[in-house]
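One structure below.
In this note's numbering, the protein residues as written are 114 to 807.
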């Protein structure tokens, strides 16, 4: 055998370095399997025996604790491949193929590079030349068997885990509030404060329907939430702090709180760069799901309902926008409207009109995704009014029952908060007592330890006093809110719900929450009117019809009564006078403004009303030119006579222009027959008589 090895080794091999690659798969193996490490280091003696001096033997042991399943992350292996590729290596040494690589692609790549650079490979079984077919074939088989061995090992371990998980016996980390007892059974955390915090969390979410609202409730009430430390050195210890939104979502998505044993929620997949991608599996992809495996904080049905509510709360879910929790917008049906044409959820847009926000329900999911036209766009003002009336009608017989349920829930909720704060005080008292006991048990001579324990005792006493003071202050607030303010609101709800609903001080968000107690969703169909199909939570459906809301142009139109009144006034007054009369009566335009000459003229032209001039002309009145020709006097004289009311005239605009009645024929004849002086005398006489009458 030595002769065969010597035949493979040439002078060019000995001129280059020999690289000894050492690797253990895990840090545990490095610490415990020391014999394997010693065997690998001992291979350097074989290289010396084959003719390599000690200074030419380079040991690569930087990959200790790294898996050989991939070359990613193994700096030592990558360095070895680069040295071989540059022709610096005469021989590569490893105790076995599995130490160099357990991946066929990495192993065959190394063989290819070794063959190109004429580099030998040495293991415990012998020396191989990758340039020779038989040696290369044997090394390839060894690499394949090494990879298959890793697969078999993994399959055995994974199969054992899966089989144990199928029986529900495989232990997995438990969330806060659940622990394993001495018999490895899942039970509630013995800490009562932890239990009450988890139960209160699920009750608040059930009431609000929103993870964010639940977090805000805990913050506003000053209730601390337990957190379990997952990393050393204080692994497993419970600390108390604020509840965060991410924590709330993890609790709501965790089926273990529903008493279910679950295995296979996540699937890991290794990327090309060596990083691991964790993919969440759907319920039907879970390997094991055992419902009611132990007692949970909620039922499985409640767990599924919580997930559904979270799904509906998503701002952009799937093709259409789903139902979302109540917010501050004025639209009562926010998140509850379904398009009666395409079946998608309708979104809300707000437009300002005359300093007033108007909600519009729009079906535009197809427009957003595919560029199609908007399916429906409906003014929501009249729709919300119809729903409000329906709400008042529906709530009347159920008001007492709802009010009593709310009162009972508020009392129970207040008791829970008081118990949680009381438990927090008890915990602080217990920690202070424990600190006192440790201080009392220490040897007084050991001043260093006694001093530290005394400081700890003082700190615990300060925390206890602070917690007790906060408990007393918040207890008064809770009792006052429950016994006075909230009870009065409940009683007013019983006696006068319509007044509360119509009160502008009632928050719109609370109205939406009350609305959702009765109504599941509303389907809208627009034709020559708007059809509302209201589906109640009990399954009943009620159909309402409302007229189409007026568009902006229609809303700005003057009322028909105003048009009729202007038409009547035009018989006696001109536009300026009519505007003044309407303003004196308090009659506004369609936009809510005072009437002006311009607005009256616009209404007259729009509705094709005859103006004051046309009406007078139709009665046979003459203009100034015509009457002057008949009287054969100047137009100025006609103006004077009209001013002196010798001639009967009618003003038809703001500029003082007039139309004249035809005077008596006798006067005209006398004016025509007499001489010029006679006519002037007659005129003077008529004027004198008129002045005397005045």
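Every residue gets a Cβ at the ideal spot worked out from N, C-alpha and C, and that includes glycine.
The bridge partners DSSP lists for residue 660 are 642. Residue environment for residue 264: exposed (fewer than 16 other C-beta atoms within 10 angstroms of its C-beta).
Counting along the chain, the unbroken beta strand (DSSP E) around residue 354 starts and ends at 351 to 354.
Below 8 Å, too few C-beta pairs join the stretch 466 to 473 and the stretch 646 to 661 to call them touching: fewer than three. Taking a contact as a CB-CB distance under 8 Å, the pair residue 288 and residue 364 counts as one, their CB atoms being some 7 Å apart. When the Cα atoms are used, residue 674 and residue 707 turn out to be separated by approximately 16 Å. Residue 446 and residue 357 have their C-alpha atoms some 29 Å from each other.
Ranked by Cα distance from residue 639, the options 536, 156, 711, 657 are led by 657. Per DSSP, the continuous alpha helix (DSSP H) segment holding residue 227 begins and ends at 217 to 229. Residue burial is scored here from C-beta neighbours: residue 256 has at least 16 other C-beta atoms within 10 angstroms and is therefore classed as buried. Judged by DSSP in its simplified three-state form, residue 239 adopts strand. In the structure shown, the three-state DSSP call for residue 155 is coil.
When DSSP states are grouped into helix, strand and coil, residue 272 belongs to the helix group.
For residue 294, the three-state secondary structure derived from DSSP is coil. In the structure shown, residue 203 falls within a strand segment according to DSSP collapsed to helix, strand and coil. Counted as a single uninterrupted DSSP element, the stretch harbouring residue 747 is not any beta strand (DSSP E), since DSSP gives it neither H nor E. Taking C-beta atoms as the reference points, residue 490 and residue 474 count as a pair closer than 9 Å. In the assembly as shown, residue 280 is an exposed residue. Its beta-carbon has fewer than 16 other beta-carbons within 10 Å. Residue range 324 to 334 is occupied by the alpha helix (DSSP H) that includes residue 330.
Using a C-beta cut-off of 8 Å, the stretch 725 to 738 makes contact with the stretch 674 to 687, since at least three inter-stretch Cβ pairs fall below that distance. One thing to note: residue 192 has its Cβ within 9 Å of the Cβ of residue 175. In this structure, residue 205 lies near residue 223, with their beta-carbon atoms less than 9 Å apart. Taking one beta carbon from each stretch, the stretch 288 to 300 and the stretch 245 to 253 have fewer than 3 pairs nearer than 8 Å; the two do not touch. Positions of the alpha helix (DSSP H) runs, each at least 4 residues long and wholly inside the stretch 370 to 406, cannot be given because no such run exists. With fewer than 16 other Cβ atoms inside 10 Å of its own Cβ, residue 463 counts as exposed. Secondary structure at residue 340: strand, using DSSP grouped into helix, strand and coil. By the beta-carbon neighbour count (other beta carbons within 10 angstroms, threshold 16), residue 767 is exposed. Segment contact: the stretch 363 to 377 against the stretch 393 to 400, three or more CB-CB distances shorter than 8 Å; contact assigned. DSSP, reduced to helix, strand and coil, places residue 131 within a strand of the structure shown. The beta carbon of residue 350 lies closer than 8 Å to those of 341, 342 in the same chain, with the five residues before and after it left out.
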